[in-house]
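Engineer: In the numbering used here, the protein residues as written are 261 to 481.
Sharing a structure, written as structure tokens. Questions coming.
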Ligand code: URA
């Protein structure tokens, strides 16, 4: 249970004062009943109608987004780049969300978003060895030795990578699955074998995939 004014201002209905005004203007309904007091307590699962917009009061929200390049995986815009949040302006819960791990601004693919910290922790904890799979277009073909290094261990910065899974698609395309979340990890792994990432896309995180999501699209899990 949570006060309706608190819940709505956590979403995108402005300050508590703005929400009180909405209530006074008879624009807030819960389960088809008009709300007249800002301290009205809602239950998770209640149907809300704010002005014309209808949605459910949810404690936890889980979303998969197919992030395009040129959008940040952080909650705030920075320099010339918009946050992923600007791609979810039709989602009433957008202001509650944070990304599960990061994805580079120039990288496409699966970004999981939630307000459930336990879920995030389970997926990003270094103890859990959760694999993320990337489709990688590379500058030139890998030789046997490169493949062995990528699959076993490599030193990047001050860090030794854990075993990775490499699947060859063609001379210049691979799938690489890694269990760590180090900054620019795939790019640095390829650089460490004197190669280069030309295009990078995350296709899955553990059991979560892009499924039928097209670039820019999102859906509830
Ligand atoms: N590795 C990278 O280099 N970039 C990402 O965004 C994710 C993994």
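C-beta: ideal position from N, C-alpha, C; glycine also.
#1: Any idea what DSSP makes of residue 293, helix, strand or coil?
#2: Any heavy atom of ligand 1 closer than 7 Å to the Cβ of residue 446?
#3: Can you check the stretch 377 to 412 for any beta strand (DSSP E) of at least 3 residues that lies completely inside it and give the ranges in chain order?
#4: Relative to the alpha-carbon of residue 454, which residue among 440, 467, 402, 421 has its alpha-carbon at the smallest distance?
#5: Pairs of beta-carbons, one from the stretch 331 to 346 and one from the stretch 313 to 322, closer than 8 Å: are there three or more?
#6: Just the C-alpha distance for residue 476 and residue 356, rounded to the nearest angstrom, thanks.
#7: List the DSSP bridge partners of residue 457.
#8: Are there 16 or more other CB atoms within 10 angstroms of the CB of residue 428, so buried, or fewer, so exposed?
#9: Any heavy atom of ligand 1 closer than 7 Å to the beta-carbon of residue 394?
#10: Check the C-beta distance from residue 265 over to residue 291 and give it rounded, since I have them as a contact under 8 Å.
#11: Hey, could you find the ends of the alpha helix (DSSP H) residue 345 is sitting in?
#12: By the DSSP assignment, the beta strand (DSSP E) with residue 309 in it spans what residues?
#13: On the premise that residue 391 lies in contact with residue 463, defined as a C-beta separation below 8 Å, what is that separation, rounded to the nearest angstrom?
#14: Residues in the same chain with beta-carbon distance under 7 Å from residue 419, minus the five sequence neighbours each way, listed in chain order, please.
#15: What distance in whole Å lies between the Cβ atoms of residue 310 and residue 294, which are believed to be in contact at a cut-off of 8 Å?
#16: When DSSP builds the beta bridges, which residues end up paired with residue 324?
#17: Closer than 7 Å to a non-hydrogen atom of ligand 1 - does that hold for the CB of residue 363?
#18: Decide if residue 352 is buried, meaning its Cβ has at least 16 other Cβ atoms within 10 Å, or exposed.
#19: Could you check what DSSP says for residue 268 in three-state terms: helix, strand or coil?
Structural biologist: In this structure, then:
#1: Annotated three-state conformation of residue 293 is strand, per DSSP.
#2: Yes; taking the cut-off as 7 Å, the Cβ of residue 446 has a heavy atom of ligand 1 nearer than that.
#3: Taking 3 residues as the shortest admissible run, the stretch 377 to 412 contains the following complete beta strand (DSSP E) segments, listed from N- to C-terminal end: 392 to 398.
#4: Considering only 440, 467, 402, 421, the residue with the shortest C-alpha distance to residue 454 is 402.
#5: The stretch 331 to 346 makes no contact with the stretch 313 to 322; the number of CB pairs closer than 8 Å stays below 3.
#6: The alpha-carbon atoms of residue 476 and residue 356 are separated by roughly 19 Å.
#7: Under DSSP, residue 457 forms a beta bridge with 398.
#8: By the Cβ-count criterion, residue 428 is exposed, with fewer than 16 other Cβ atoms from all chains shown falling within 10 Å of its own Cβ.
#9: Within the cutoff, so yes.
#10: So it is not a contact: roughly 17 Å between Cβ atoms.
#11: Per DSSP, residue 345 lies in no alpha helix (DSSP H) and is assigned neither H nor E.
#12: It spans 307 to 310 - the beta strand (DSSP E) in which residue 309 sits, taken as one unbroken run.
#13: In fact, because the Cβ distance is near 11 Å, the residues do not count as touching under 8 Å.
#14: Excluding sequence neighbours, residue 419 sits near 442.
#15: Incorrect: roughly 12 Å between the Cβ atoms, too far for contact.
#16: DSSP output for residue 324 lists 372, 479 as bridge partner(s).
#17: With a threshold of 7 Å, the Cβ atom of residue 363 counts as near ligand 1, since some heavy atom of the ligand is closer than that.
#18: Buried, because 16 or more other Cβ atoms sit within 10 Å of the Cβ of residue 352.
#19: DSSP, read as helix, strand or coil, puts residue 268 in helix.
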